[in-house]
Every structure is written in C-alpha cells, then in structure tokens.
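The structure appears right after this line, and notes come after that.
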Amino acid sequence: MDWKEARRLAIPEEKRLSKDAIVSQFIHFCFQFGASMSGVFLSLYLWRLTHSLWINGMYNIFNYGAAPFAYALGGLIIKRKDRMVTYRFGIAFIALFYLAVVFAQERVVDYYVLFGLFAGITSAFYWAGYLTLMYDVSTESNRIRYLAINMIVFTLAGLIGPALAGFIISHNEGLRGYTIVFAIAFFMFLLATLGSFKIKSKHSHHKAYYLKFVGLLMNKNKRWVKSLFGFSAMGILQGIMLFLPSILLFQIVGREDLVGYLGVLYASLSILTGLFISRYGREERARLFLVISTIGYIAGTLFLVWNMSLFTVVAFMVIYSICSPLQGNTVTSFYFRLIGTLPLKGQLRVESVVMRETFLNWGRVLSILLLILTYQYIGSESLPWVLLGAAVFQFILAWLLERSPEDRKSVQTNAGHGVGAAK
C-alpha cells in the first residue's frame, strides 16, 4: 500500500471527496491562477494609466452592479440546461475578456464602463455555475472539509499568480509586462474551460425557475433573509478590499513586483487559516469565528487610522488575510446548510446562489460608492475611516447568521455525547 492510498484510507469514508469534487478544485485552481495574475494588476493597470481612484472605483461599481442581472440569467440557464453550461460560458467569457484587454491595451481606459460591465457578466456566469457545482459535488458530511480544501487551492493559486505577474511586469519596460500577464491569464482560463469537460453534465427533471417567487419565501423565512443581509454586510468590506490594498501598496513602494511578492505572504497566511478551519471547523464555533474575524479586521484598520505607511498597510493585510477565510468559510458553510432546509428539498439551490450573490454585490457596490465619494470630497485621509466603518459593521454577521432550534438541539446533543458537530 503506497502512502497516497494510506492517506486516503485514513480519512473517514463519509468525508472523502468524489472525483468530480477533485476535478472542480483543479479547474478552480486554473481559474484563480489566471484571476490572481490579472485581477490585482488590472486595477494597477488602470491606476498607472489614469492615477484616478474614481475610474478604478467606477469600473468596479459597473462590474459588481451588472453581476446580479447576470447571475439571474446564469441561474435560468442552469435550471433549463445544466450548471456546467453556465460554468463553461463563464470561463470562456473571462478568457475572451482578457483577450480583449490584450488587444485594447491603453484604450481600456476609454472603454472602462464596457469592460466593467463585461467583467461583471463573465464573473457572474462563472460563480453562478461554480457555487452550484460546489453544492452538488459536496455533501453534508464532507462540505466543511471540501470548502476548506477549496479555499487552500484557491489561495495557493492566489499565492503563485501575483508573484509571477509582479516578476513579469518588473522585468519588462513600460506596460508591456501587463500585456504578457493578461495573455497568460487568457491561456489559464482556456485551460480551465477544457478541464470543465471532465465533469459530466447533470440534467435535472426540475427545470422550473423559482426566482420570481423568492419574495414570497423571504416573507416566510426570516432566517434566510437575515443570512442574505449577512452577505451584504460581508460585501461592504469585500468591495473595498478587492481593489484598494494593491493601489495603496503600489503608491507606497512604487513597484509591481513587491506588490506581487507581498501577495505571496498574504496567501500563505490564508492557506494556514484554511488548514486550521479544515481541522477545527465546527458548527457550534461559527459565531465565535465571526466575532474573532471582526475583531481582527478592526485591529488591522486601526493601524491605518494611526498611520498610512508600508508597515501599517502590510500589518493590516496580514491580519485581513488571516481573518477573511475564517469569516468566508464560516458564512458559506452556514449558507449551504441553510439551503438544504429551504422548501422543495434542494430545488432552490440555484435561486439561493443567485440571491446570495445579488446581496453580496449590493454590499460591494455600496461600499465602493461610499469610498470614492468620500475620497472625492474629503480626500485620502478618509480612506482608513471608511475601512474602519466597514470592519465594525461586520459584527452584524454574528447576529444575522442565526441557527435554527434544530441546529442548537443537534449541537447540544453532540456535545453531550462528546462528539464534534463537523460536517
């Protein structure tokens, strides 16, 4: 028996991942490798061309503003066809997006509204398909483990991508390095598209799309509504963090390669957090993890309120890199469990994903709009205070993610028998 087989057998059978689950993580690695190379540096590309936080912010507002509509369309395709159709469209469209960036080069600035809308549509298709796929290829017994490993794979790709991109950009004159990075990203998305054909389509007999009835469900299920507003709360901090830190770092160090290398440090910390969650993640610890992550966010932003320097920005990002997966994995695992309790026994999983992303993107748009408006009318000194407000707001998640009476009873029963409640 080789060590791989011994390792596999050491994992309880109910927690082992299926072949489709493993393939989905390989595809996600390819996607994140391309996205981490290009996404961060697209923000820096726009910054290098314009030195305008307004244009960067508006690009992201159009991106996340278009996403909910694309999620709704992607959800319809999932219900009428299959989640792999939406998934493959998403990856292929993202590949075309970066191919367009390669050809447009500096003229991206002239059409940043169109590029923002296109980016929002493509990413929404990808995530609508992938989030549905995540639910399908995992089970109640192995979902926490699947999500933790998925986060490690996601972060590992995010560790390699920015460092490689920073190295390429720093060793090419002008903006040529950016073009090379976007071309590599295109290739990785193309590879992900081909890899997606390893997962077979799953045709469902339940083709009814219940999105128009979610209002009725929201009236009857307050626990689900609170969880959706929880994603908006999470999006309020995420929206700012998806583009501002790289700009702040670049303004301080003036070198793209250092921005990429620091990304390796952040990703390494997130991987360690993922390993911790995969080992110690328990349902009954959800609120504790959320409170700890929020306290961490606040502590990190206080560094920036105190002073904006290389040390304080790096210190903030180190703390954020530890707390973000702790929060994200906890919230996503909770929501997937909640989907299983909704009416129609899992038939609302697509609609639930669409609503999750709609509320998440509303939060992102709101925070970015607030950030660029305060920057426009107050100045750069307002940035750390906006971040601090977004961090404090994360406390609401511990209240919004409410366990059902059945969950509490199950946790108490398991605790009474000395058994953890991990799933």
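Numbered by my numbering, the letters in the sequence shown go through residues 1330 to 1752 in order. Ideal Cβ placement from N, Cα and C applies to all residues, glycine included.
Can you tell me which of the three DSSP states residue 1541 falls into? Secondary structure of residue 1541 (DSSP, three-state): helix.
Which residue's Cα is closest to the Cα of residue 1464: 1662, 1563, 1425 and 1387? The option with the nearest alpha carbon to residue 1464 is 1662.
Would you mind giving the Cβ-Cβ distance between residue 1392 and residue 1449, rounded to the nearest angstrom? I have them listed as a contact below 8 Å. Rounded, the Cβ-Cβ distance is 4 Å, consistent with contact.
By the 10 Å Cβ neighbour count, where 16 or more other Cβ atoms means buried, how is residue 1564 classified, buried or exposed? Residue 1564 should be labelled buried.
Okay, do the stretch 1579-1588 and the stretch 1632-1646 touch, 3+ Cβ pairs below 8 Å being the bar? Using a C-beta cut-off of 8 Å, the stretch 1579-1588 makes contact with the stretch 1632-1646, since at least three inter-stretch Cβ pairs fall below that distance.
Whole-angstrom distance between residue 1634 and residue 1706, CA atom to CA atom: Cα-Cα distance, rounded: 18 Å.
CB contact flag (residue 1682, residue 1538, <9 Å): Going by C-beta atoms, residue 1682 is not nearer than 9 Å to residue 1538.
Exposed or buried, residue 1547, counting other C-beta atoms within 10 Å across all chains shown (16 or more means buried)? Exposed is the call here.
What's the C-alpha gap between residue 1348 and residue 1359? Cα to Cα, residue 1348 sits roughly 17 Å from residue 1359.
Going by the beta-carbon positions, is the gap between residue 1346 and residue 1467 smaller than 9 Å? Yes; because the gap between Cβ atoms is below 9 Å, this pair is in contact.
Keeping to the same chain, check which residues put their C-beta closer than 7 Å to that of residue 1383; ignore five residues upstream and five downstream. Residues of the same chain with a CB within less than 7 Å of the CB of residue 1383, apart from the 5 flanking positions on each side, are 1701 and 1705 in chain order.
Residue 1588, buried or exposed, once every other Cβ within 10 Å from all chains shown has been counted against 16: Around the beta carbon of residue 1588, 16 or more other beta carbons lie within 10 angstroms, which makes this residue buried.
For residue 1569, tell me which candidate among 1414, 1367 and 1719 has the shortest Cα-Cα distance. Looking at the Cα atoms, 1719 is the closest of the given residues.
Use the C-beta contact count for residue 1452: other C-beta atoms within 10 angstroms, 16 or more gives buried, fewer gives exposed. Under the 10 Å beta carbon count, residue 1452 is surrounded by 16 or more other beta carbons and is classified as buried.
Every unbroken alpha helix (DSSP H) inside the stretch 1612-1671 [4 residues or more]: Correct list: 1615-1635 and 1639-1668.
According to DSSP, is residue 1584 part of a helix, a strand, or is it coil? Taken through DSSP and simplified to helix, strand or coil, residue 1584 comes out as coil.
Return helix, strand or coil for residue 1345, following the three-state DSSP convention. Coil, per DSSP.
Contained alpha helix (DSSP H) runs [length at least 4] in the stretch 1383-1443, N- to C-terminal order: Complete alpha helix (DSSP H) runs here, min 4: 1412-1433.
Mind checking whether residue 1656 and residue 1726 have CB atoms under 9 Å apart? It is a contact, given that the beta carbons lie within the stated cut-off.
Once the 5 residues before and after residue 1554 are set aside, which same chain residues still bring their CB inside 6 Å of it? Here the set comprises 1547.
Rounded straight-line distance, which links the Cα of residue 1454 to that of residue 1397: The alpha-carbon atoms of residue 1397 and residue 1454 are separated by roughly 10 Å.
For residue 1544, count the other beta carbons within 10 Å of its own beta carbon; 16 or more makes it buried, fewer makes it exposed. Which is it? The residue is exposed, with fewer than 16 neighbouring Cβ atoms inside 10 Å.
Buried/exposed call for residue 1442, threshold 16 Cβ in 10 Å: Residue 1442 comes out exposed.
With distances taken Cα to Cα, identify the nearest neighbour of residue 1365 among 1395, 1411 and 1485. Checking every option, the nearest Cα to that of residue 1365 belongs to 1485.
Going by beta carbon distance, what residues of the same chain come within less than 6 Å of residue 1632, once the five residues before and after it are set aside? Sequence-distant partners of residue 1632 (beyond 5 residues in either direction) whose C-beta falls short of 6 Å from its own C-beta, in its chain, are 1641, 1644 and 1645.
Which residue wins for smallest C-alpha separation from residue 1436, given the options 1401, 1371 and 1420? Selected option, being the one with the closest Cα: 1371.
Give a yes or no on contact between the stretch 1407-1425 and the stretch 1474-1485, applying the rule of three or more CB pairs nearer than 8 Å. Output reads no: the stretch 1474-1485 does not touch the stretch 1407-1425.
In this structure, does DSSP put residue 1705 in helix, strand or coil? Residue state, collapsed to three classes: helix.
If I'm right that residue 1497 touches residue 1506 with Cβ under 8 Å, what's the distance once you round it to whole angstroms? Rounded, the Cβ-Cβ distance is 5 Å, consistent with contact.
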